[in-house]
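There are 2 protein chains.
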Amino acid sequence: MTSTRATLIQVAERAGVSLASTSRALHGTGASKAMVERVRAAAAELGYSADAIGRSLRLKKTSQIAFAVADIGNPVYVEIMRGIHEVLAPHGYRVVVMSTGDTATSTAELIHSLHGGFVDGMIVIPLRTDDELIEQIGQAPVPVVVIGRAMSDRGISSVSTDSAAGIGAAVRHVVSLGRRRIGFLNGPLDTTPGSSRQRGFDEAVSAKDFSAEGTDVEVAADFTVAAGIEAARKLLDRPHRPDAIVAANDLLAIGAVRAARERGLSVPRDVAVTGMDDTELGQVFLPRLTSVSLGSAERGRAAARLMLGLTEDADAPAQQISVGTELFVRESTVDQNGEDAE
Amino acid sequence: MTSTRATLIQVAERAGVSLASTSRALHGTGASKAMVERVRAAAAELGYSADAIGRSLRLKKTSQIAFAVADIGNPVYVEIMRGIHEVLAPHGYRVVVMSTGDTATSTAELIHSLHGGFVDGMIVIPLRTDDELIEQIGQAPVPVVVIGRAMSDRGISSVSTDSAAGIGAAVRHVVSLGRRRIGFLNGPLDTTPGSSRQRGFDEAVSAKDFSAEGTDVEVAADFTVAAGIEAARKLLDRPHRPDAIVAANDLLAIGAVRAARERGLSVPRDVAVTGMDDTELGQVFLPRLTSVSLGSAERGRAAARLMLGLTEDADAPAQQISVGTELFVRESTVDQNGEDAE
DNA sequence: GTGAAAGCGCTAACAA
DNA sequence: TTGTTAGCGCTTTCAC
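Those protein sequence lines, which keep their order, are chains A and B. Position 143 of the first sequence, counted from 1, bears residue number 143 in UniProt numbering, the numbering being contiguous throughout. Position 145 of the second sequence, counted from 1, bears residue number 145 in UniProt numbering, the numbering being contiguous throughout.
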């Protein structure tokens, strides 16, 4: 950790040519073969690497994109980040992680911090999307892509997924399995995911081909296993116990499985359980969770691609990408071979 | 996304004072109260925010720290990153995520990229630590903190954890439960975690107070559930089947539970299983996994603190922090109330 | 206490 | 093709 970095001026002196020629020979165009050769050699001898800051100042481009999220650590967000990184890294962009979690920073503050000019754009997953946020994004000095609700009608590029449709798929799946009473285990209704999933359930059970006998709804305090256990107990203790529980995410679904086991109920025999997000957690759970994938990595990739477009033309019209959902059927709804399903 | 950012010069003009005074009034010292007032007002009117790049160039400080890891997405790494972020963010540092995963970039290349000068330091978790890597780190133009093996004797600040001792704790735990035959389910031996955990197991079973009847060892192809199932099957199919399996991480432990269920064995009654890393995955698994915490978040925090020290004095002597391990006893070894333990 | 000016490392417009 | 020079936005000597 002792070596000092060489500057372009030093390379120029070493090569015995001008600063401009040196710059051109290394990055730009219009340098003779001999010049390139000469400068390259000098640069190599000095172990030269272009200074990112000097370059940024001149080019007005940081080659950095921020990824802002409430709680880095949430498996779904991590998966999204992976997708973002996968697309941006090959284009020379670095990903700066910003989190509202550990400091008392709000999403609005994160967006405001963009005025510092340390990134060329921001991909954000807001917990709630209200008018104030939309306003904030409109004021942002760099392109912002939102993952969550569709917002292109408000002039903001966004990536969404039809979680409502995903809930519908889960409901139809358990009904097709012959389940008669469907419980819906949702998270807080005042969140974006909570409200859209509720809508999905309501639509699914009011469809004319919905053939089950009845439904029950329980709202957990948040999207965690603990809250899921709590709420699932209530669901299972209803006079007419559900024989299927559609949960709004995998953590709630795991809570539902636990609550069922507490009561000596077998999953999926007595009660089928579905999750949402298709996390690794759910995939290795016992029983493996039937879950609706919202294409997390793909949402990240899509957002990153939108961002790449915006970095080229910040005033391009707002785009809107919807990533499809997919139901993965596993042991928590279908006893696949009887030996390890419960 | 249309607003343009004001520069310090504009603020100076607006306030009708010099550039120097403006800068001093906003950040520095030695400005009169009236001046501060005046400049603040002008800055507020223009919505001024200092440009991070111009500032960096002048101060030779980016306020960014890189976090480099093979595979962002690994839950353990995510937890570490959370710890890092938690410590660095309040100090005004941003965290830049670098991953060797999706591009063909090696750890060595990531370290080399530090010559670009876009961060003030790097926290890295190398997959393998050989002499070449140590050499590379010695050449790095900014402070580097390694999470993994202890390396302060090589002049590199590092954070480690005694996973060998952790395996020992797990072994003693199952023995204290009265288990007679202990199986060790390890991951690849040519990795840093694999080799130290093997050492831990060997030491534990050769201790003179080790009172079990026998041991078996199986090495999985990698640290995943699938590989764990595979290797655990072999362990369970031995002539003298183990009544306890100590796994080298939570994913392998989950594989062991699965393999046991396949054979109609009950966990923990027929076979007790322990994991390592104490991931959320293990905590919500069914049965909840007894696991040895290696203090992931704390390792991240410790590394971040070391880094903060190094940013103040890059030539300070290399420090070495060891984060303690802790055994969390849960349902996979102790049937806690009979109702939901398996 | 305040202002003028230099310069961090780089690229690009302009001149030769 | 090559060199000279200005300037990106900022902080900090240095004079006053």
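Positions of the beta carbon are idealized from the N, C-alpha and C atoms, including for glycine.
Give me whichever residues DSSP pairs with B/I125 in a beta bridge.
B/V69
Which residues mark the beginning and the end of the beta strand (DSSP E) in which residue 383 of chain B is found?
Any answer about residue 383 of chain B is impossible in this case: the structure gives chain B only from 1 up to 342.
Rounded straight-line distance, which links the Cα of B/I147 to that of B/I137:
13 Å
Taking all protein chains shown into account, decide if A/R58 is buried (16 or more other Cβ within 10 angstroms of its Cβ) or exposed.
exposed
Apart from the five residues on each side of it in sequence, which residues of its chain come closer than 6 Å, Cβ to Cβ, to residue 343 of chain B?
With chain B covering 1 to 342 only, the question about residue 343 of chain B has no answer from this structure.
Name the chain B residues that come within less than 7 Å of A/M122, Cβ to Cβ?
Near A/M122 there are no residues of chain B at all, since even the closest Cβ is about 10 Å away, more than 7 Å.
Is it right to say B/A178 is buried, meaning 16 or more other beta carbons lie within 10 angstroms of its own, or is it exposed?
It is Gly, not Ala, that sits at residue 178 of chain B in the sequence shown. Exposed, because fewer than 16 other Cβ atoms sit within 10 Å of the Cβ of B/G178.
Does DSSP put B/L327 in a helix, a strand or coil?
strand
Just reading off the beta strand (DSSP E) that B/A272 is part of, what are its end residues?
272–276
Cβ contact (3+ pairs, closer than 8 Å) linking the stretch 64–76 of chain A and the stretch 69–81 of chain B
yes
Kindly give me the distance between the Cβ atoms of A/V323 and A/G295, rounded to whole angstroms, as I take these residues to be in contact under 8 Å.
4 Å
Cβ-based neighbour list, B/A297, same chain, cut-off 8 Å, excluding 5 preceding and 5 following:
E79, I80, R82, G83, E86
Residues that B/Q320 bridges to, as DSSP identifies them
B/S158
Nearest by alpha-carbon distance to B/D250: which of B/V11, B/G117, B/V284 is it?
B/V284
With a cut-off of 8 Å on the beta carbons, I'd call B/V246 and B/L286 a contact; round off their distance for me.
Their Cβ separation, rounded to whole angstroms, is 20 Å, which puts B/V246 and B/L286 out of contact at 8 Å.
Nearest by alpha-carbon distance to A/L88: which of A/V159, A/V76, A/I65 is it?
A/I65
Suppose only complete runs of 4+ residues qualify. What are the alpha helix (DSSP H) ranges in the stretch 208–258 of chain A, listed by chain order?
225–236
Contact belief for B/P143 with B/G121 at Cβ below 8 Å, rounded distance in angstroms:
4 Å
Across which residues does DSSP place A/R94 in a beta bridge pair?
A/Q64
Under 8 Å between C-beta atoms, does A/S266 make it to chain B?
no
Between the CA atoms of B/S32 and B/R14 - distance to the nearest angstrom:
18 Å
is_contact[A/Q99, chain B] using C-beta, thresh 8 Å:
The displayed chain sequence assigns Ser, not Gln, to residue 99 of chain A. Yes, because at least one Cβ of chain B sits closer than 8 Å to the Cβ of A/S99.
Counting pairs of Cβ atoms below 8 Å between the stretch 185–194 of chain B and the stretch 217–224 of chain B, do you hit three or more?
yes
Given a cut-off of 8 Å on the beta-carbon distance, is the pair B/A164 and B/R128 in contact?
no
Would you report the Cα separation of A/G228 and A/G255, rounded to the nearest angstrom?
4 Å
Where A/G194 falls: helix, strand or coil (DSSP):
helix
Identify each residue in the stretch 4–21 of chain B for which the Cβ-Cβ distance to at least one residue of chain A is less than 8 Å, and report them in chain order.
T4, R5
Closer than 8 Å, CB to CB, is B/S80 near chain A or not?
For the sequence presented, residue 80 of chain B should be read as Ile rather than Ser. Judged by the 8 Å Cβ criterion, B/I80 is not in contact with chain A.
Do you know offhand how far A/S211's Cα is from A/R241's?
17 Å
Is there a Cβ from chain B that is less than 8 Å from the Cβ of A/S296?
no
What's the C-alpha gap between A/M35 and A/G47?
18 Å
Rounded to whole angstroms, what's the CA-CA distance from B/S23 to B/G54? Just pull it up for me.
12 Å
Does the stretch 265–275 of chain B come close enough to the stretch 305–313 of chain A that 3 or more CB-CB pairs lie under 8 Å?
no
Quick check on A/S49 - is its C-beta less than 8 Å from some C-beta in chain B?
yes
Output, in sequence order along the chain, the residues in the stretch 212–239 of chain A whose CB is closer than 8 Å to any CB in chain B.
V225
Using only the alpha-carbon positions, how far apart do B/E9 and B/V292 sit?
A quick correction: the sequence has Ile, not Glu, at residue 9 of chain B. C-alpha separation (whole angstroms): 57 Å.
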